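In order, the protein sequences belong to chains A and B.
Residue 291, in our numbering, is where the first sequence stops; the numbers in between run on with no holes.
Residue 320, in our numbering, is where the second sequence stops; the numbers in between run on with no holes.
In this text, a Cβ means the ideal position worked out from N, Cα and C, and glycines have one as well.
These figures come from a predicted structure and were not determined experimentally.
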Amino acid sequence: MLNFMLLILIYTGIYALMAMGQNVITGYVGLLSLTQAGFLAIGSYTTAILSVTYGWNFWLTIPVAGLLAAAFGVLIGLPTLRLKGDYLAIATLGFGEIVRNILNNWDSVTKGPMGIQKIPMVKVFGYQLSPYSKWGFLALVWVFVIVGYVLFDRLAKSRMGRALEAIREDEIAASSMGINTTKYKVWAFALGAFSAGVAGSLQAVFTLSVTPGSFTFMVSIMVLCMVVLGGMGNFKAVVLGAFLIQFISYFPQLVGLSNVIPPQFKQVLFGLILVVMMIWRPQGILGREIRGYKPSKEKGGKR
Amino acid sequence: MILLETKALTRTYGGVVAVSKVSFQAQEGLITGLIGPNGAGKTTLFNNMTGLDLPTAGKVYFKGKDITGHSAHKICRMGIARTFQNIRLFKELTVTENVMVGRHFKTGRNVNHGRTLTAVGSYLQMNREHQQVHAEAMRWLEFFGLEPFANELAKNLPYGHQRELEIARALATEPTLLFLDEPAAGMNPHETASLMATIRRIRDLGITVVLIEHDMKLVMNICDTISVLNYGENIANGTPSEIRGNPLVIEAYLGKEEE
């Protein structure tokens, strides 16, 4: 039971990283993109291939995974960011499927549907983390989440964060205020992709194997649900959303009803959550963060 | 000195000619009015001059430089700011944040001149920069007497204040030329009077103002020179008294007298 809770918390951490990235794209710039599964896959496979085939250290593969995902973010962002709303969602959804199909079929590199097994375990300060040492993994993952949170939160409160929000509120007015809207939209995409790539890296070394089957469209939907449920434009809320969604999706196993409730039930439930939230609390559980500015009294980074 | 001019600017939408060979000029330091009946092409002309729309033919010159076809953010960075006919505030941001967005390209790497080349550098300087941007934003709010609303969401402001906030946001970009698209629309006479005083104060800051307006009392009172558009064509230019007596203008507004 404790082990199971730890598993949920580890996955909460991995998904929280992705959800924070999604929050930059959806919560701040207001773009409905469904790419996180694709970037997660790119991150996972980067770590898997580099460490299995080329014998790289995990710590070296993480930045490569993040940067490669970000590069794909820019690549997919440049052409699709001319689209808005539903059209962008469809185009980005296509990207996720393309990634999965390539992983499925590029046998020589990705080993096809079998995926890549026997990814070396992570060593932290000489201490080896096996998938059974859940406490260790929990700490590792959440260190990343906390660092990610601090960086993203400050980014959001910076000049760039204001620019992103201005684009969401009114793109024409934002460009008339001297903001290069295309540049910032592409940046947001790259940042979102980067955090998903890092999340993918972590997932690869936790499960010690990667298969294309784990990067389905549902992953992107789950991440979007986390952002909507927690509250768009609020990084704390997004982490909360990640926990709730993970908790719900493991609920049948947690209460020992996994043979009564089919696994598909969570898809029904996520849809229901989205509908209910849209009707009753479109701003999410915690809602958007509104910042008051008190000039004379404020000190340091506090607002 | 001519600060901004268009040369034979034409914008067509399919078969509709919205603006036809208009040569418009704005003299530095003056308040120029752009008037005309609804659908005369005033806002289209504004959009073509500020980079939100691309002219079909013709050129736009700012300080003698050809800026035709430049993107909106580039034109803003050159020193042209604008407001919109249908208010386009960042509704879910606070009043202060709205003005702070106006400081965008005056901050960050653009002002530090390479002292902070990296993202990390600007990150470390964020607090100092934030204080500075915030102080500048507050100065503009004080210019309009909006500081009591500083932490309100922009969407919660009364209509008249929203108009003022939009002007404050535009001024925060430190423009040399300010376009106002129907600033007095929907204002009561008291608010209009205070707006007139504000526009004069803006001119006294050394900012050239071009405004579209239907409120003739405002236009005739504060404009130094007026251009009139009708059906996309420039039918008259001159001082308020010249325009008031121009038969073509009277005809455009009131129709031709039956013989």
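**OP:** Thinking Gly218(A) and Val207(A) are a contact (beta carbons under 8 angstroms), I'd like their distance in whole angstroms, please.
**Re:** Numbered from its first residue, the first sequence carries residue 218(A) at position 230. Numbered from its first residue, the first sequence carries residue 207(A) at position 219. Their Cβ separation, rounded to whole angstroms, is 17 angstroms, which puts Gly218(A) and Val207(A) out of contact at 8 angstroms.
Subject >> Separation of Pro240(A) from Gly65(A), as counted between CA atoms >> reply: Along the first sequence, one-based indexing puts residue 65(A) at 77. Along the first sequence, one-based indexing puts residue 240(A) at 252. Computed Cα separation, rounded: 38 angstroms.
Original post:
Roughly how far, in whole angstroms, is the beta-carbon of Ala69(B) from the beta-carbon of Val160(B), given that I think they are within contact range, below 8 angstroms?
Top reply: Position 8 of the second sequence, counted from the first residue, corresponds to residue 69(B). Position 99 of the second sequence, counted from the first residue, corresponds to residue 160(B). No, Ala69(B) and Val160(B) are not in contact; Cβ-Cβ is about 37 angstroms, not under 8 angstroms.
Subject >> Under the three-state DSSP convention, the category Ala196(B) falls into >> reply: Against the second sequence, residue 196(B) aligns to sequence position 135. Three-state result, Ala196(B): helix.
Subject >> Residues that Asp158(A) contacts on chain B, provided the C-beta gap is smaller than 7 angstroms >> reply: Residue mapping note: residue 158(A) aligns to position 170 of the first sequence, counting from 1. Within 7 angstroms Cβ-Cβ: Arg149 and Phe151.
Subject >> Beta-carbon proximity of Phe182(A) to Ala36(A), cut-off 9 angstroms >> reply: Taking the first residue of the first sequence as 1, we reach residue 182(A) at position 194. Taking the first residue of the first sequence as 1, we reach residue 36(A) at position 48. No; because the gap between Cβ atoms is not below 9 angstroms, this pair is not in contact.
Original post:
Below 9 angstroms between beta carbons: does that hold for Ala34(B) and Ile283(B)?
Top reply: No statement about residue 34(B) is possible, as the shown extent of chain B runs from 62 to 320 and does not include it.
Original post:
For Gly201(A), which option in Asp158(A), Gln116(A), Gly54(A) and Pro101(A) has the closest C-alpha, if you only look at C-alpha atoms?
Top reply: One-based indexing of the first sequence puts residue 201(A) at position 213. Checking every option, the nearest Cα to that of Gly201(A) belongs to Pro101(A).
Subject >> Per-residue burial, Lys72(A) [other beta carbons within 10 Å of its own, 16 or more giving buried] >> reply: Here residue 72(A) refers to the residue found at position 84 when the first sequence is read from its first residue. With fewer than 16 other Cβ atoms within 10 Å, it is exposed.
Subject >> Within chain B, partners of Arg150(A) - CB distance below 8 angstroms >> reply: Stepping through the first sequence from its first residue, residue 150(A) is reached at position 162. Neighbours of Arg150(A) on chain B, chain order: Leu154, Glu158, Met161, Val162 and His165.
Original post:
Under a CB-based cut-off of 9 angstroms, is Ala53(A) close to chain B?
Top reply: Numbered from 1 along the first sequence, position 65 holds the residue referred to as residue 53(A). False, the Cβ-Cβ gap to chain B never drops below 9 angstroms.
**OP:** List the residues of chain B that Glu153(A) touches, going by C-beta distances under 9 angstroms, in chain order.
**Re:** Taking the first residue of the first sequence as 1, we reach residue 153(A) at position 165. Simply Phe151, Glu153, Leu154, Glu158 and Val162.
**OP:** Inspect the beta-carbon positions of Ala245(B) and His275(B) and report whether they are closer than 9 angstroms.
**Re:** The sequence position of residue 245(B) within the second sequence is 184, counting from 1. The sequence position of residue 275(B) within the second sequence is 214, counting from 1. The answer is yes: Cβ separation under 9 angstroms.
Subject >> Chain-ordered residues of the stretch 199 to 226 of chain B with a beta carbon less than 8 angstroms from chain A >> reply: Met199, Ala211, Asn212 and Leu214
Original post:
Got a sec: does the ligand COA put a non-hydrogen atom nearer than 8 angstroms to the Cβ of Ala127(A)?
Top reply: Absence of the ligand COA from the depicted structure is noted, as is the absence of any ligand whatsoever, leaving it without description.
Subject >> Collapsed DSSP secondary structure at Asp265(B) in the structure displayed >> reply: As a working note, residue 265(B) is residue 204 in the second sequence. In this structure, Asp265(B) counts as helix in the three-state DSSP scheme.
**OP:** For chain A, find out if any of its Cβ atoms is closer than 9 angstroms to the Cβ of Glu243(B); answer yes or no.
**Re:** Position 182 of the second sequence, counted from the first residue, corresponds to residue 243(B). No, Glu243(B) does not count as interfacial toward chain A.
Original post:
From Arg72(B) to His134(B), what distance separates their C-alpha atoms?
Top reply: Stepping through the second sequence from its first residue, residue 72(B) is reached at position 11. Stepping through the second sequence from its first residue, residue 134(B) is reached at position 73. Roughly 21 angstroms between the two C-alpha positions.
Subject >> Close-in-space but distant-in-sequence residues of the same chain around Leu95(B) (CB under 6 angstroms, 5 per side omitted) >> reply: What you label residue 95(B) is simply residue 34 of the second sequence in a count that begins at 1. Result list for Leu95(B): Lys103, Ile273 and Ser288, in chain order.
**OP:** Note down, one range per segment and in chain order, each alpha helix (DSSP H) of at least 4 residues found wholly within the stretch 8 to 61 of chain A.
**Re:** 24 to 40
**OP:** May I have the straight-line CA-CA distance separating Arg141(B) from Val271(B), to the nearest angstrom?
**Re:** For the purposes of this step, residue 141(B) is identified with residue 80 of the second sequence, where counting begins at 1. For the purposes of this step, residue 271(B) is identified with residue 210 of the second sequence, where counting begins at 1. The residue you asked about is not Arg; residue 141(B) is Ile in the sequence shown. Using only the alpha carbons, I get a separation of about 11 angstroms.
Subject >> Chain-ordered neighbours of Arg276(A) on chain B, where CB pairs are closer than 9 angstroms >> reply: What you label residue 276(A) is simply residue 288 of the first sequence in a count that begins at 1. Correct list: Glu153.
Original post:
Fully enclosed by the stretch 94 to 167 of chain A, which alpha helix (DSSP H) runs are 4 residues long or longer?
Top reply: 95 to 98, 122 to 145, 147 to 157 and 159 to 164
Subject >> One or two residues paired with Thr157(B) in a DSSP bridge >> reply: Indexing the second sequence from 1 puts residue 157(B) at position 96. Note: Thr157(B) sits in no beta bridge, so no partner.
Original post:
Are the stretch 193 to 200 of chain A and the stretch 89 to 104 of chain A touching by the rule of at least three beta carbon pairs closer than 8 angstroms?
Top reply: yes
**OP:** Check whether the stretch 27 to 42 of chain A touches the stretch 173 to 188 of chain A, counting contact only when three or more Cβ pairs, one atom from each stretch, lie closer than 8 angstroms.
**Re:** yes
Original post:
Among all the DSSP beta bridges, which residues are the ones paired with Gly94(B)?
Top reply: Taking the first residue of the second sequence as 1, we reach residue 94(B) at position 33. In DSSP, Gly94(B) forms a bridge with Leu272(B) and Ile287(B).
Original post:
Since Thr104(B) meets chain A, which of its residues come closer than 7 angstroms, beta carbon to beta carbon?
Top reply: Here the question's residue 104(B) lines up with position 43 in the second sequence. The contacting residues do not exist; Thr104(B) stays about 13 angstroms from chain A at best.
Subject >> Proximity test, Cβ basis, 9 angstroms: Gly166(A) and chain B >> reply: Here the question's residue 166(A) lines up with position 178 in the first sequence. Yes, Gly166(A) counts as interfacial toward chain B.
Original post:
What did DSSP end up calling His174(B) once you bin it into helix, strand or coil?
Top reply: Start at 1 with the first residue of the second sequence, and residue 174(B) comes out as number 113. Because His174(B) sits at a pLDDT of 44, beneath the cut-off of 50, its placement in the model cannot be relied upon, and the following sentence gives the value as read from the coordinates. It is coil, neither helix nor strand.
Subject >> Buried or exposed (CB count within 10 angstroms, at least 16 for buried), Asp242(B) >> reply: As a position in the second sequence, residue 242(B) is number 181, starting the count at 1. So Asp242(B) counts as buried.
Original post:
Do we get a CB-CB distance below 9 angstroms when we pair Ile273(A) with the residues of chain B?
Top reply: Locating residue 273(A) in the first sequence gives position 285, counting from the first residue. Cβ-Cβ to chain B under 9 angstroms: no for Ile273(A).
Subject >> Spatially closest choice to Ser81(B) from Pro116(B), Arg230(B), Phe204(B) and Thr155(B), by CA coordinates >> reply: Here the question's residue 81(B) lines up with position 20 in the second sequence. Among Pro116(B), Arg230(B), Phe204(B) and Thr155(B), the Cα nearest to that of Ser81(B) belongs to Pro116(B).
Subject >> Proximal residues of chain A, C-beta to C-beta of Leu113(B) below 9 angstroms >> reply: Position 52 of the second sequence, counted from the first residue, corresponds to residue 113(B). What Leu113(B) touches in chain A: Ile160, Ser163 and Ser164.
**OP:** Determine, using beta-carbon pairs with one atom in the stretch 147 to 162 of chain B and one in the stretch 202 to 221 of chain B, whether at least three such pairs fall under 8 angstroms.
**Re:** yes
Original post:
Among all the DSSP beta bridges, which residues are the ones paired with Arg143(B)?
Top reply: Working through the second sequence from its first residue, we reach residue 143(B) at position 82. BP columns for Arg143(B) point to Phe240(B).
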